[in-house]
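Asks: Heads up: the sequence shown runs through residues 463 to 702, numbered per this note's numbering.
Glycine residues also receive a C-beta, built at the ideal position from the N, C-alpha and C atoms.
Quick caveat: nothing in here was measured; it's all calculated off a predicted structure.
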Amino acid sequence: MPYPLNDSKSKTRAVENLSARVYNQIKNLILCNEFMPGQKLHHQQLSERLGVSRTPVREALTRLVQEGYVSFLPNRGFTCKEIRMQEAEELYELREALEAFAVEKAIANLTDSALALLRNKMNSYGRDVQNRFTRERLVYDQDVHIEIARLAGNETLTSMLAHVFERIVLKRRTDGLYDPARGVTAHQEHLQLLESIERRDPRDAVATIRSHIQAGKKNVMADLKQRQAIRGIRSLETHS
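#1: If contact is defined by three or more beta carbon pairs under 8 Å, each pair taking one atom from either stretch, is the region 574-589 in contact with the region 526-542?
#2: Alpha carbon to alpha carbon, how far is L480 from G513? Give it in angstroms, no decimals.
#3: Helix or strand or just coil, what does DSSP make of F497?
#4: Are E552 and I671 closer than 7 Å when you measure CB to CB?
#5: Scan the region 571-613 and note each continuous alpha helix (DSSP H) run of 4 residues or more that stays entirely inside, going in chain order.
#6: Quick one: is E558 buried, meaning 16 or more other Cβ sit within 10 Å of its Cβ, or exposed?
#7: Give the secondary structure of S509 by DSSP, where H, G and I count as helix, E and B as strand, and everything else as coil.
#8: Tell me where the beta strand (DSSP E) around G539 begins and ends.
#9: With V514 as the anchor, note down where its beta strand (DSSP E) starts and where it stops.
#10: Let me know the secondary structure DSSP gives K567 once reduced to three states.
#11: Helix, strand or coil: which one does DSSP assign to K502?
#12: Between the C-alpha atoms of R693 and S509, what's the straight-line distance to the nearest angstrom?
#13: Given that a residue counts as buried once 16 or more other Cβ atoms are within 10 Å of its Cβ, and exposed if not, what is E478?
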């Protein structure tokens, strides 16, 4: 006799796995600039591209709405959500608090092998700063800071910081307005931070990482203000 209960569980698990896979695929498309913040997400196009029905696509988009990465408006559908000024300010304030704690703890746990790994991640960022600004550079930067949190040995801290970075990276536009000099300056700040960590100087490391995050926040806020001004001008032109 068949076992319908087990079959039901298997089917449920298969549906959950498909939904999770589609969710991760759409999220990765946003991360890779296939879809930009502000761009509309079409059910049919996504289902055809991913080779699935519209149901798991809608489930994935609904989950992304709940997590704040996508917006939904009746009769207009789903749109990639762009980071707004208040959210950016709050995320950078949280970053600063978490990372100041993380770098102090990381120095207390530091080993030579951990230091070498951190240096490699900083070098990956440094090799990218001469290129056009992309999400890839944001991910390299994220890797540097998440590695410091890992060295702190606090999994909750690492998870919280990863979530903050994910919101910044997925919702940040990388087209057009970014100051190209910021990448070079940020890499120099990373190297100053590395020197403080190598010296096992927590006070200097905390001051350096706070200054680095504040400079990054200032750059992002200037970018968002400029984009807001451009949207305002376009809106006036449309209604004039």
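Replies: Let me spell this out:
#1: no
#2: 11 Å
#3: coil
#4: no
#5: 574-590
#6: buried
#7: helix
#8: 539-542
#9: Premise fails: V514 is in no beta strand (DSSP E) and is neither H nor E.
#10: helix
#11: strand
#12: 31 Å
#13: exposed
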